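Just so you know, we're using numbering that gives the first Met the number 0 here: the sequence shown kicks off at 0 and counts up by one. Note that the Cβ used here is the ideal one computed from N, Cα and C, for glycine as well. Quantities reported herein were computed from a predicted structural model and do not represent experimental measurements.
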Amino acid sequence: MPLPLSFSPLNKLKRFKSLKLCISKSLLNAPSLYEAVSSLDHFHPKGIRLPSRVLAILLRHCSASKSYRESKLVHLHLKLTGFKRPTTYFANHLICMYFSCGNFVGARKVFDKMEARNLYSWNNMISGYVKLGMIKQARGVFDRMPERDLVLWNTMIVGYARNGVFGEALGFYGELRRLCIGYNGFSFASVLIICVKMKDFELSRQVHVQVLVVGFFTNVVVS
0 MPLPLSFSPL
10 NKLKRFKSLK
20 LCISKSLLNA
30 PSLYEAVSSL
40 DHFHPKGIRL
50 PSRVLAILLR
60 HCSASKSYRE
70 SKLVHLHLKL
80 TGFKRPTTYF
90 ANHLICMYFS
100 CGNFVGARKV
110 FDKMEARNLY
120 SWNNMISGYV
130 KLGMIKQARG
140 VFDRMPERDL
150 VLWNTMIVGY
160 ARNGVFGEAL
170 GFYGELRRLC
180 IGYNGFSFAS
190 VLIICVKMKD
200 FELSRQVHVQ
210 VLVVGFFTNV
220 VVS
């Protein structure tokens, strides 16, 4: 005897997707972040896994609000719904989230457990350490990287400059040019700021000449 249409597997799947959509909308429209995150407890016992997009939005909200309690709840939900080893996509969000909350230990644990890392993973770790003033740890991650792009070199230059380690910052800039990795407005702007702080007129003049030679004089950041 055929099943009634309302009990067919296809219809059940449609109803389940509709339910997830309604849940997702209610989560994102919750009056507060805590209320939205707290309601996650009702989903995993029922086997409901929310769309990746919704979970990513919650993680970004936790990062923006620097809410450590809510951050832990979202991470717990990921573990309970089958993400004990989160995908690279979620892991990158988690790293940003933990650093935003000042929890560099949590960020490092997520990073160390990643099965696959991309450039964003390494960049999130380095920029996270730099923002917390942990330049030694940032350098440790930088040295371990299999490949490095201009953004990461600039991040290290800025990190050393912010922490008053001008010699190291200039050393990174010199190495950047020696390896012909490239440069942009932020590279020159960072070094010029260092020159001002060091009150080094001769170095300022040399960098100014480099700016003119490569055609960055009209760059808004450098100007």
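- Taking the Cα of Asp142 as reference, the smallest distance to any Cα among Ala106, Tyr97, Met155 is reached at Met155.
- Remark: C-beta atoms of Ser189 and Val157 approach each other more closely than 7 Å.
- The residues Ala106, Val109, Phe110, Ser120, Asn123, Met124, Gly127, in chain order, have a CB closer than 8 Å to that of Ile94 in the same chain once the five nearest residues on each side in sequence are set aside.
- Collapsing the DSSP output to three states places Ser64 in a helix.
- The closest CA to that of Gly132, considering only Ser99, Asp148, Asn117, is found on Ser99.
- When the Cα atoms are used, Phe171 and Leu72 turn out to be separated by approximately 39 Å.
- Judged by DSSP secondary structure, Asn153 falls within the alpha helix (DSSP H) whose first and last residues are 149-161.
- The C-beta distance from Arg116 to Thr87 rounds to 7 Å, short enough to meet the 8 Å contact threshold.
- Per DSSP, Thr80 lies in no alpha helix (DSSP H) segment and is marked neither H nor E.
- Separation of Ala160 and Gln136 (C-alpha to C-alpha, rounded to the nearest whole angstrom) is 15 Å.
- For Ser62 against Met96, the beta-carbon gap comes to about 5 Å, under 8 Å, which counts as contact.
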